[in-house]
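**Student:** Mapping of the sequence shown onto the working numbering: position 53 corresponds to residue 68, and the numbering continues sequentially without gaps.
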Amino acid sequence: MLSRLRHLMRPLFAGLCTAALLAPAVTHAAGDDLKDFPRSHLWRIEKKNEPVSYLFGTVHVSDPKVTRLSPEAQAAFDSSERVATEVRLDFGAFMEQANTVLLPEGESLKDKLGAAYYARLVPELEARHYPEAAVRRLKPWAAAMYLMTPKKPDGELPLDLLLTKNAVDAGKGYDGIETVQEQLAVFSDMPADKQLTLLKALIDHQDDVESGLKAIIARYVARDYAGMVKLAQPENDPLMREFSAADRAYFADWSKRVLLAERNQRLGERIVKVLPKAHAFFAIGALHLPGKDGLIARLRAAGYTVTPAEAPPAKAQKKNK
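1. Distance check for Gly-283 and Leu-314, CA to CA, integer angstroms please.
2. My output table needs one value for Pro-323: the three-state DSSP class, helix, strand or coil.
3. Output yes or no for whether 8 Å exceeds the beta carbon distance between Glu-370 and Ala-216.
4. Do Ala-158 and Leu-136 come within 8 Å of each other at the CB atom, strictly closer than that value?
5. Keeping to the same chain, check which residues put their C-beta closer than 6 Å to that of Gly-46; ignore five residues upstream and five downstream.
6. Candidates Asp-126, Tyr-319, Trp-269: which alpha carbon is nearest Leu-290's?
7. Who are the near neighbours of Asn-210 in its chain, counting only those whose CB is closer than 7 Å to its CB and skipping five residues on each side?
8. Where does Ala-329 land, buried or exposed, given buried means 16+ other C-beta within 10 angstroms?
9. Ala-182 and Val-81 - do their beta-carbons sit closer together than 8 Å?
10. How should Asn-64 be labelled, buried or exposed, when 16 other C-beta atoms within 10 angstroms of its C-beta is the threshold for buried?
11. Provide the residue(s) that pair with Asp-190 in DSSP beta bridges, ordered along the chain.
12. Quick one: residues in its chain with C-beta nearer than 8 Å to the C-beta of Glu-193, no 5 flanking neighbours on either side, listed in chain order?
13. Rounded to whole angstroms, what's the CA-CA distance from His-294 to Gly-309? Just pull it up for me.
14. Leaving out five residues before and five after Pro-138 in sequence, what residues of the same chain have Cβ atoms less than 6 Å from its Cβ?
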């Protein structure tokens with residue numbers, strides 16, 4: 016069943032991860048401002064008279080370079096009593112997603128997108144194992160989200176699903192921080208015309224999407240948060256550069272407010288409610304950690320001491336010698 020669940024859930028996580036590359040400069044501090052940001056995905060969360068917990072930055076892919084945890088992260092995971100990913104990854108969540116992405120009976124994506132773009136979309140989604148019979152019923156935002164997934168994912172399980180499996184196998188408490196509907200609303204609440212604008216841009220720029228994913232994975236493996244944030248600058252994003260002024264303004268606000276700021280607030284508030292209860296391990300997309308509005312800043316503002324808990328990557332250690 017895991018292979019089926021992996022296939023169903025990959026678009027939700029990977030779509031949100033890739034969409035974060037659209038985030039404008041104002042979403043985070045500029046890349047140079049993060050040059051001294053610790054090279055750590057793992058952060059220790061402490062407060063007097065409360066159990067120690069951990070915040071762990073992820074990217075939602077199955078590349079073995081990503082899914083291989085550092086010794087510190089593995090130890091933190093093993094010692095935790097509870098594990099939480101962004102959403103609860105169970106069959107009910109996958110079915111909820113499947114029921115949400117389809118157009119009403121009698122409507123077709125081809126009619127909404129146009130025959131020319133639809134003809135280019137179908138082979139792209141078929142390469143991701145979504146047959147044309149399913150593609151024709153997808154809502155435009157769902158097709159866009161599916162286009163943000165890798166064509167040929169490496170490894171067996173995406174990092175979040177691997178952590179879920181390991182938590183359940185170990186008998187740990189497990190849950191999600193957001194609901195599936197809350198995550199899908201990032202895309203589904205877009206106005207219809209903006210959904211089509213995004214979908215067409217993704218069809219036009221599939222090579223850039225693939226290279227963008229590879230670039231962010233490389234920086235993630237190096238724990239280079241300044242580099243990851245730099246990729247989010249609009250001047251580095253081919254999609255943003257080609258949008259009209261009105262569309263650039265819309266997607267700049269969307270990425271700043273809906274994609275990160277509102278979700279950071281929701282994630283932070285819910286994490287704080289769990290912290291007094293158990294030794295927890297929270298696995299959240301890495302781009303939610305840094306910045307003045309990021310989860311690290313939010314937890315510190317809530318009175319917690321939050322410190323990096325990983326030794327620098329081997330290459331970084333050699334560079335510093």
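Glycine is no exception: its CB is placed at the ideal position from the N, C-alpha and C atoms.
**Tutor:** Per the coordinate set shown:
1. Translated into the one-based positions of the sequence shown, residue 314 becomes position 299. Translated into the one-based positions of the sequence shown, residue 283 becomes position 268. So the alpha carbons of these two residues sit roughly 7 Å apart.
2. Residue 323 sits at position 308 when you count from the first residue of the sequence shown. Here Pro-323 sits in strand by DSSP.
3. A question about residue 370 goes unanswered here, because the residues of the chain that appear run from 16 up to 336.
4. By one-based count along the sequence shown, residue 136 stands at place 121. By one-based count along the sequence shown, residue 158 stands at place 143. Contact flag set, yes.
5. By 1-based counting over the sequence shown, the position of residue 46 is 31. Residue confidence for Gly-46 is low, a pLDDT of 43 falling below 50, so the modelled location carries little weight; the figure read from the coordinates is stated next. Ala-241, Val-244, Lys-245.
6. For the purposes of this step, residue 290 is taken as residue 275 along the sequence shown, with counting starting at 1. The option with the nearest alpha carbon to Leu-290 is Tyr-319.
7. Counted from its first residue, the sequence shown places residue 210 at position 195. First, the amino acid is wrong: residue 210 is Gln here, not Asn. Closer than 7 Å at the Cβ level, and outside the excluded window around Gln-210, lie Pro-155, Trp-156, Ala-159.
8. Taking the first residue of the sequence shown as position 1, residue 329 is located at position 314. So Ala-329 ends up on the exposed side.
9. The count along the sequence shown starts at 1 and reaches residue 81 at position 66. The count along the sequence shown starts at 1 and reaches residue 182 at position 167. Against a cut-off of 8 Å, the Cβ pair of Ala-182 and Val-81 comes out as no contact.
10. What you label residue 64 is simply residue 49 of the sequence shown in a count that begins at 1. Exposed is the call here.
11. On the sequence shown, residue 190 is found 175 positions in, with the first residue counted as 1. Asp-190 has Ala-99 as its beta-bridge partners, per DSSP.
12. Numbered from its first residue, the sequence shown carries residue 193 at position 178. Cβ neighbours of Glu-193 beyond the five flanking positions: Glu-101, Val-102, Arg-278, Arg-281, Leu-282, Arg-285.
13. Within the sequence shown, the letter at position 279 stands for residue 294. Within the sequence shown, the letter at position 294 stands for residue 309. In this structure, the CA atom of His-294 is about 22 Å from the CA atom of Gly-309.
14. If you number the sequence shown from 1, residue 138 lands on position 123. Taking Pro-138 as the centre and dropping the five residues before and after it, the same chain places no C-beta closer than 6 Å to its C-beta.
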